[in-house]
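Visitor: My questions will all concern the structure given below.
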Amino acid sequence: MKAIIPVAGAGTKLRPHTYTQPKALIPIAGKTILSFIVDQLHEAGINEFIFIVGYLGDKIQEYVKQTYPDLITHFIFQNERQGTGHAIELTRKIVGNDEVFVALGDTICEFDIEEVMNSPFNMLGVKKVDDPREFGVAEIDNEGVIDHVIEKPSIPKSNMALVGLYKIKDTKILYDSLADLFSNNIKTHGEYSLTDALEKMIEKGAEFHSFKVRNWFDCGKKDTLLESNATLLKKFGGHIHESLIQEDAIIIPPVSIGPGCTIKNAIIGPHVAIGSNTYIKYSILKDCIIGSYSNLYEVVLDNSLIGSDASVKGLSRSLNIGDNTEIDFG
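Letter by letter, the sequence shown follows residues 92 to 421 of this note's numbering.
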């Protein structure tokens, strides 16, 4: 089985960070979003990965080759972003007749991966959501068999959203269905949708079963990224690299602190992830993600996302205040 990971999106909802860093390489809980995905699939036995890259794709290629030198990797550039269906179509020659597991590059999920891999059926990951109109939606019978899938329906008949995890055994039918979309110019919201190709597969007789994910970590926006960071730190406990230099610092777990960091006269945590070689002094951080090679001095940060190579300096104040006084610095 081969894994396909589309990571060509521009990540506009995470700007300004994604102007210089692909969304898949945004740090979370001591790792990158991409590493959570690759590690999960590699531990399940997949050793060959196809990455569909676009904007800043050279950074993803460099990161993967440095982090996973033992994996078999392929990189395909999607120069025109025409949807997930178009992205998967580009992998036809590399995949051949092999089975594939497709995981969208911003999808971190917890599920029984061994059960999914061992299933004799095509499998789609689903999770119940309050408003399914922004997702692909699966209509499922009582036996867990998927009758229909539809991309972002205006009037959903189900609240089971497709989470971006797809195990495809019938790859020939998949690529034939994608070819149907292109030959008939079938688009949804102006793009060739993988969901539309899956519906074509069902029409051609392919059988799909659903599997439910226990947790679905949203990494698409700042607020949900920070929430996911906190949840993952709680789950895995974080990690503090042994090279940390700290002086009069208080660390409140769970936190993740990368190698080469220096923290002086500061309070860090809970739910803080710090990249490598970052310097923090006279500061208080809570519920934050801080990139690598950054410098923070005299700041109080909560619910904040700071990129790499950033410098943040606060204001130093000296006060002599008498009784019955109220001061608001805004």
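Glycine included, each C-beta is placed from N, C-alpha and C at the ideal position.
Please read these numbers as outputs of a predicted model, since none were measured by experiment.
In whole angstroms, what separates the C-alpha of Asp445 from that of Arg183?
Guide: Because the chain in this structure spans residues 92 to 421, residue 445 falls outside the shown range and cannot be described.
Visitor: Quick one: grab the DSSP three-state call for Ala229.
Guide: Ala229 falls in the strand class under three-state DSSP.
Visitor: Quick one: give me the first and last residue of the alpha helix (DSSP H) that Leu272 is part of.
Guide: First-last of the alpha helix (DSSP H) with Leu272: 262-274.
Visitor: Check whether the region 312-325 and the region 284-302 touch, using three or more Cβ-Cβ pairs below 8 Å as the test.
Guide: Because the criterion of three Cβ pairs below 8 Å is not met, the region 312-325 and the region 284-302 do not touch.
Visitor: Please determine, among Asp232, Gly145, Thr164, Ala120, the residue with the shortest C-alpha to C-alpha distance to Asn170.
Guide: Nearest C-alpha to Asn170: Gly145.
Visitor: Would you give the residue range spanned by the alpha helix (DSSP H) that Val155 belongs to?
Guide: Its alpha helix (DSSP H) spans residues 148-158.
Visitor: Any contact between the region 191-198 and the region 234-243? By contact I mean 3 or more CB pairs, one from each, below 8 Å.
Guide: Touching, no.
Visitor: Could you tell me whether the region 254-273 touches the region 204-217, where touching means 3 or more Cβ pairs closer than 8 Å?
Guide: Yes, the region 254-273 touches the region 204-217.
Visitor: Ile163 to Thr175, Cα distance in whole Å?
Guide: Distance between the alpha carbons of Ile163 and Thr175 is about 22 Å.
Visitor: Going by beta-carbon coordinates alone, are Phe192 and Ile137 separated by less than 8 Å?
Guide: Taking 8 Å as the Cβ cut-off, Phe192 and Ile137 qualify as a contacting pair.
Visitor: State the DSSP-derived secondary structure class of Ile277, mapped to helix, strand or coil.
Guide: Correct three-state label for Ile277: coil.
Visitor: Please list the terminal residues of the continuous alpha helix (DSSP H) segment that includes Val129.
Guide: Val129 -> alpha helix (DSSP H) spans 124-134.
Visitor: In whole angstroms, what separates the C-alpha of Gly148 from that of Arg172?
Guide: Straight-line Cα distance between these residues: approximately 13 Å.
Visitor: Grab the span of the beta strand (DSSP E) containing His300 for me, first residue to last.
Guide: Taken as a continuous stretch (DSSP letters only), the beta strand (DSSP E) holding His300 covers 299-303.
Visitor: Are the beta-carbon atoms of Ser402 and Glu389 separated by less than 8 Å?
Guide: No, the Cβ-Cβ distance between Ser402 and Glu389 is not below 8 Å.
Visitor: Is Ala364 closer than 8 Å to Ile354 when the C-beta atoms are compared?
Guide: Contact flag unset, no.
Visitor: For Ile336, I'd like the list of residues in its chain whose CB is within less than 6 Å of its CB, leaving aside the five on either flank, ordered along the chain.
Guide: Excluding sequence neighbours, Ile336 sits near Thr353.
Visitor: Roughly how many whole angstroms lie between the Cα atoms of Ile246 and Ala229?
Guide: Roughly 13 Å between the two C-alpha positions.
Visitor: So, under 8 Å CB-CB, Gly382 and Ile358 are touching, yes? Tell me the CB distance rounded to an integer number of Å.
Guide: Not really, about 20 Å apart at Cβ, beyond 8 Å.
Visitor: Take Asn386 and list the residues in its own chain whose beta-carbon comes closer than 6 Å to its own, dropping the five residues that flank it on each side.
Guide: Here the set comprises Tyr370, Ser402.
Visitor: Ordered along the chain, which non-local residues of its own chain (more than five positions away) have a Cβ less than 7 Å from that of Ile185?
Guide: So the list reads Ile141, His165, once near-sequence residues are dropped.
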